[in-house]
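Chemist:
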Amino acid sequence: MPLKLTRAVFASLTVLFLIAPLIAILPLAFTSSVILTYPIPSWSLRWFEELFTADAWRRAIVNSLIIGGGTTAVATVLGTAASLGLRNHLLFFRGSFRTLFLLPMVVPAVVLGVGLQVLLARLGLANSYAGVIIAHTVVAVPFVVVSVTGALSGIDRRVELAAQSLGAAPATVFRRVTLPLAMPGVLSGAVLAFATSLDEVVLTLFVAGPNQRTLARQMFSSIRENISPAIAAAAFLFIVATVVIGLALVLSRSMMAKRR
399 MPLKLTRAVF ASLTVLFLIA PLIAILPLAF TSSVILTYPI PSWSLRWFEE
449 LFTADAWRRA IVNSLIIGGG TTAVATVLGT AASLGLRNHL LFFRGSFRTL
499 FLLPMVVPAV VLGVGLQVLL ARLGLANSYA GVIIAHTVVA VPFVVVSVTG
549 ALSGIDRRVE LAAQSLGAAP ATVFRRVTLP LAMPGVLSGA VLAFATSLDE
599 VVLTLFVAGP NQRTLARQMF SSIRENISPA IAAAAFLFIV ATVVIGLALV
649 LSRSMMAKRR
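In the working numbering, each residue carries its 1-based index in the sequence shown increased by 398.
(1) Applying the 10 Å Cβ sphere with the 16-neighbour rule, what's the burial state of Pro627?
(2) Using the beta-carbon count (16 or more within 10 Å), is Gln616 buried or exposed?
(3) Would you mind stating whether Ser462 and Leu577 have Cβ atoms separated by less than 7 Å?
(4) If you pair each beta-carbon of the region 422-432 with each one of the region 633-640, do three or more pairs fall below 8 Å?
(5) Tyr436 lies in the alpha helix (DSSP H); which residues open and close that run?
(6) Tell me where the alpha helix (DSSP H) around Glu448 begins and ends.
(7) Just curious, the alpha helix (DSSP H) that Gly548 is in, first and last residue?
(8) Cutting at 6 Å between CB atoms, please list the residues of its own chain near Ala631, excluding the five before and the five after it.
(9) For Ala593, which option in Ser563, Ala507 and Gly466 has the closest C-alpha, if you only look at C-alpha atoms?
(10) With 16 other CB atoms within 10 Å as the buried threshold, where does Ile531 fall?
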């Protein structure tokens, strides 16, 4: 009993340590003041109104949705295909290929930013939505690979072999057996890819132009120019969106588990 109590206390303190910055900043999204300060003089929604009425913030939100959606689609397809390829035990140097796919997770973002800026400029994609989506996809694919690989490792290969023995073509086995069983991992990877794109700042600074300013970049620029409570309001939207997407993911996974 003392051991369980100690673990519970330690877990509670750890969670409090992680969310303490959020507890400190998020209430300031509802302040009527023009500066981030406590105590809050009065409560107001003026900064949320500014997010959706000011041209800079509204354009940044739209850009984030466009780039995040494109990144999610491309990274999910590429990451799922890579995971299926790495699943093949006949592939030589499979461990080396897996390491290459995961390299963007450990390479400094500045190094990636400089390299992508040079590459995209040569391809004529600099300062374009396609260029930003490609850059974000590079750092999002590893998360999809990790998530889908974990889901595929839990699939019994005998189920797929049974489908093949009954005359199902490889494409049919993938569509009717492998993909539905791996769908929780695919959905988790898609959510991680969208969150990665939404939060990416450094690569955006290198490859995006003035018309591709995302919400994260707008927040970064606002911090450098003027610390406004609108930043806290944008952070509040980040948190709410993340929680909603996470709950939707958990609900969809539980529904798929019940169907199975």
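Yeah, the Cβ is synthetic: ideal placement off N, Cα and C, and Gly gets one too.
Modeler: In this structure, then:
(1) buried
(2) buried
(3) With respect to the 7 Å criterion, Ser462 and Leu577 are not classified as neighbours on the basis of their beta carbons.
(4) Segment contact: the region 422-432 against the region 633-640, three or more CB-CB distances shorter than 8 Å; contact assigned.
(5) That residue, Tyr436, is in no alpha helix (DSSP H); it is neither H nor E in DSSP.
(6) Arg444 to Thr451
(7) Tyr527 to Ser551
(8) Spatial neighbours of Ala631 in its own chain (CB-CB distance under 6 Å, excluding positions within 5 residues in sequence) are listed in chain order as Ala427, Trp445, Phe446 and Leu449.
(9) Among Ser563, Ala507 and Gly466, the Cα nearest to that of Ala593 is on Gly466.
(10) buried
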